[in-house]
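Input: a single structure, listed below in structure tokens.
Residue numbers (the working numbering): 322 to 537.
Rendered as structure tokens:
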């Protein structure tokens with residue numbers, strides 16, 4: 322099927338804001354006396370804020386330590402820490418190869434979307450100076466199911482008015498790859514730690530993105 326749209330994850334694909342998520346979760350976890358490391362962080366990629374906190378609590382055998390209201394306050398605190406970090410980001414933080422790839426896609430007439438579970442996606446894209454490059458940005462507040470559920474990618478396809486089979490998704494996490502495939506789309510993986518389903522194309526970095534070779 323001919324590609325008519327490309328749907329990008331944000332963290333780890335367009336920019337490396339994932340490192341700020343890690344630092345924010347680590348700061349919060351240390352304040353609460355919870356263990357948090359890079360191995361645990363891998364499980365949080367592409368997962369909603371609340372589900373991420375649930376994973377951290379589960380790993381620490383602390384599922385019942387906080388009430389629902391306390392959890393809500395704590396994940397909002399984590400978000401404030403994260404937002405303070407991303408305020409320092411600029412267009413220089415766009416990952417290598419992304420701007421030329423987007424340029425080729427726009428020139429070819431493809432539609433572009435962002436499928437991020439981050440409620441800060443709009444602000445981050447604006448800080449990077451590329452918000453106007455996308456035809457649709459998923460509203461994370463309206464997405465009910467986290468990746469690997471395909472909801473957010475199907476939402477983007479619908480928002481772009483393109484059939485899923487005519488879309489290519491780009492992700493850096495296993496959950497994201499599974500979501501793309503479940504949506505019936507072709508998947509490009511960027512430095513994915515593969516534990517189950519493989520992407521159709523697996524790259525080590527965004528520098529390897531080649532529009533002419535990969536998009537048909």
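Just so it is clear, CB atoms sit at the ideal spot from N, CA and C, and this is done for glycine as well. Note that the coordinates shown come from a computational prediction; the quantities given were computed from them, not determined experimentally.
In this structure, the straight-line span from the alpha carbon of residue 433 to that of residue 445 is close to 16 Å. The three-state reading of DSSP puts residue 450 in coil, since its state is none of H, G, I, E or B. If the five residues before and after residue 370 are omitted, its C-beta is found closer than 6 Å to the C-beta atoms of 396, all from its own chain and listed in chain order.
Looking at the backbone, the Cα of residue 535 and that of residue 465 are separated by about 31 Å. Residue 332 sits in a strand when the DSSP states are folded into three classes.
Only exposed fits residue 340, as fewer than 16 other CB atoms lie within 10 angstroms of its CB. Unbroken alpha helix (DSSP H) runs of no fewer than 4 residues, entirely contained in the region 365-413, are found at 370-380, 389-407, following chain order.
Non-local C-beta neighbours of residue 324 in its own chain, meaning closer than 8 Å and more than five positions away in sequence, comprise 431, 487, 488, 489, 507, 536, 537, ordered along the chain. Within the same chain, 432, 433, 434, 481 come within 7 Å of residue 456 by CB-CB distance, once the 5 residues on both sides are set aside.
Taken atom to atom, the span from the alpha-carbon of residue 528 to that of residue 491 is near 13 Å. Proximity of the region 379-388 to the region 409-416 falls short of the contact definition, fewer than three beta-carbon pairs being nearer than 8 Å.
Residue 433 has 327 as its beta-bridge partners, per DSSP.
Straight across, the Cα-Cα distance linking residue 467 with residue 438 is about 7 Å.
When only Cα atoms are considered, residue 394 and residue 532 end up about 43 Å apart.
With contacts defined as CB atoms closer than 8 Å, residue 407 and residue 441 qualify as a contacting pair. Taking all protein chains in view, the Cβ of residue 526 is surrounded by fewer than 16 other Cβ atoms within 10 Å, so the residue is classified as exposed. Membership of residue 420 in the alpha helix (DSSP H) is indicated by the continuous run 419-428. Out of 398, 390, 357, the CA that lies nearest to the CA of residue 378 is found in 357. Sixteen is the threshold: since fewer than 16 other Cβ atoms of the shown chains lie within 10 Å of the Cβ of residue 389, the residue is exposed. Annotated three-state conformation of residue 523 is strand, per DSSP.
In this structure residue 417 is exposed. Its beta-carbon is surrounded by fewer than 16 other beta-carbon atoms within 10 angstroms. Apart from the 5 residues on each side of it in sequence, residue 368 sits with its Cβ closer than 6 Å to the Cβ of 467 in its chain, given in chain order.
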